[in-house]
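For reference, the structure is listed below as structure tokens.
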Amino acid sequence: MKSSVITFPGSNCDRDMEVALKKFGFKNKMVWHADAELPKSDLVVLPGGFSYGDYLRCGSMASKSKIMNSVINFANSGGMVMGICNGFQILVETGLVPGVLLRNKYLEFICKNVFVKINNKQNKYFKNVNNEVLEFHIAHNEGNYFCTKDQLKEIEDNNQIAINYCDENGKVEDKFNPNGSIKNIAGIFNKEKNVLGMMPHPERMIDTSLSGEDGSLFFKNLINNLK
Amino acid sequence: MKISIIITLKKDVLDPQGKVIQQTLNGMGFDDVNEVRQGKYFEIDTKHNDKDKAKAKVDEMCKKLLANLVIENYKIIDPK
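Taken in sequence, the protein lines are chains B and W. Going by our numbering, the first residue of the first sequence is number 4, and it counts up by one from there. Going by our numbering, the first residue of the second sequence is number 3, and it counts up by one from there.
See below:
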């Protein structure tokens, strides 16, 4: 399985993502934002970081990069595209997934482990994950998911919510919402479920000596689903 | 021709920064502040001399990059 990780000026989780992808069997290529062509890929990842210093709105500049035309075409033809953290912010700015990510409700940069409940397993990202709840890491200032009422209705009607913030038992409640996101949304799909944007970083949970293992579960499962 | 744009958050979008500014103003003794909403201001020097052409281009820029219409409104100010 071939993956591509896009590096934008200011990306800082691109190499961690590559380590994670390689660890679980992907042949990965790092792709520079100014390139026009995407290498042949089974998965494209927009990594976390602070592309273009978060100028104007997080992800807005990166969403207009040269490489993004190829990424958008790839996604629109059914290719798997995953945006993590700043990558999620870039995805919403392209319009590939609906909504926006606002400043966290309590204006704090949040850096901690959280639990997320998988809301939809009928897709290549979460199919066959045995767990209902995963422990991931978040580190963001703008992760407060917002969309219009009409968009929310569409998102719910199409079962586009991927994961919600919850407690360790999978209870999705306001008090387990770290940043003020509507409906505790931590990640969403496009309608077709080939594009996933999420704030948590699975690539930070791939080594028991450093953190947890739930990222390993996620990546192992992902590569199997793509085979 | 220079064109100015003001971008504001839509009414029902939470503005945590505006809220903190309001609380600070209240704390400083400005009891007369009900609410603060923070926005953005741009000045764009375009190559156009025709006002309508310049405004039309800036309108396109707002839609494509400067504003996110899910959460923001924009207003193009008539050049003097």
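Beta carbons are placed, not taken as given, at the ideal position from N, Cα and C, and that holds for glycine.
Strictly below 8 Å CB to CB, what residues from chain B border Asn70 of chain W? Within chain B, the residues near Asn70 of chain W are Arg60, Ser63, Glu96 and Val103.
4 or more residues per run - each alpha helix (DSSP H) lying fully within the stretch 110-163 of chain B: Within the stretch 110-163 of chain B, the complete alpha helix (DSSP H) runs of at least 4 residues are 152-160.
Chain W within 8 Å of Lys156 of chain B, Cβ atoms only: With 8 Å as the cut-off, Lys156 of chain B does not count as an interface residue toward chain W.
From the DSSP output, read off the bridge partner residues of Asp17 of chain W. Under DSSP, Asp17 of chain W shares a beta bridge with no residue.
Using a Cβ-Cβ cut-off of 8 Å (strictly less than) and excluding sequence neighbours within five positions of Cys150 of chain B, which residues of its own chain qualify? Closer than 8 Å at the Cβ level, and outside the excluded window around Cys150 of chain B, lie Pro101, Gly102, Val103, Ile158 and Ile185.
Can you give me the start and stop residues for the alpha helix (DSSP H) that Leu220 of chain B sits inside? Run containing Leu220 of chain B: Asp217 to Leu229, per the alpha helix (DSSP H) assignment.
Three CB pairs or more closer than 8 Å across the stretch 79-87 of chain B and the stretch 49-64 of chain B: Yes, since at least three Cβ pairs between the stretch 79-87 of chain B and the stretch 49-64 of chain B fall closer than 8 Å, the two stretches touch.
On the DSSP bridge assignment, give the partners of Glu74 of chain W in chain order. Looking at the DSSP assignment, Glu74 of chain W forms a beta bridge with W:Leu11.
Test: Lys67 of chain B CB closer than 8 Å to a CB of chain W: Output row for Lys67 of chain B: interface = yes.
Can the beta-carbon of Ile164 of chain B be found closer than 8 Å to that of Ile141 of chain B? In this structure, Ile141 of chain B does not lie closer than 8 Å to Ile164 of chain B by Cβ.
Look at the alpha carbon of Asp19 of chain B and the alpha carbon of Lys49 of chain W, and state the distance between them as a whole number of angstroms. Taking C-alpha positions only, Asp19 of chain B is separated from Lys49 of chain W by approximately 44 Å.
CA-to-CA distance, Phe32 of chain W to Asn123 of chain B, given in whole angstroms: Our two residues, Asn123 of chain B and Phe32 of chain W, have alpha carbons roughly 49 Å apart in a direct line.
Within 10 Å of its beta-carbon, does Met30 of chain W have 16 or more other beta-carbons around it, so buried, or fewer, so exposed? So Met30 of chain W counts as exposed.
Under 8 Å by Cβ, that's how I've got Ile188 of chain B and Asn167 of chain B pegged, so tell me the actual separation to the nearest angstrom. With 8 Å as the limit, Ile188 of chain B and Asn167 of chain B qualify as a contact, their Cβ atoms being about 6 Å apart.
Indicate whether at least one CB of chain W lies closer than 8 Å to the CB of Cys149 of chain B. According to the sequence displayed, residue 149 of chain B carries Phe and not Cys. Among the CB atoms of chain W, one or more fall inside 8 Å of the CB of Phe149 of chain B.
Taking 7 Å as the limit between beta carbons, can you name the residues of its chain near Lys25 of chain B, skipping five residues before and five after? Here the set comprises Asn31.
I'd like to check one pair, Gly98 of chain B with Glu195 of chain B: are the Cβ atoms closer than 8 Å? Contact flag unset, no.
Buried or exposed: where does Lys120 of chain B fall if 16 or more other Cβ atoms within 10 Å of its Cβ makes it buried? With a threshold of 16 other beta carbon atoms within 10 Å, Lys120 of chain B meets it and is buried.
Which residues in the same chain have their Cβ closer than 6 Å to the Cβ of Glu171 of chain B, if we skip the five residues on either side of it in sequence? Around Glu171 of chain B, the same chain offers Phe118 as residues with beta carbons nearer than 6 Å, after the five sequence neighbours per side are excluded.
Near-chain B residues of the stretch 14-37 of chain W - C-beta to any C-beta below 8 Å: Closer than 8 Å at the C-beta level to chain B, one finds these residues of the stretch 14-37 of chain W: Val15, Leu16, Pro18, Gln19 and Val22.
For the candidate residues B:Val74, B:Glu206, B:Phe27 and B:Gly183, whose alpha-carbon lies nearest to that of Leu16 of chain W? Nearest of B:Val74, B:Glu206, B:Phe27 and B:Gly183 to Leu16 of chain W, Cα basis: B:Gly183.
Between which two residues does the beta strand (DSSP E) holding Leu199 of chain B run? First-last of the beta strand (DSSP E) with Leu199 of chain B: Val198 to Met201.
Given this structure, state the Cα-to-Cα distance separating Ile93 of chain B from Ser68 of chain B, to the nearest angstrom. When rounded, the separation of the alpha-carbon atoms in Ile93 of chain B and Ser68 of chain B is 10 Å.
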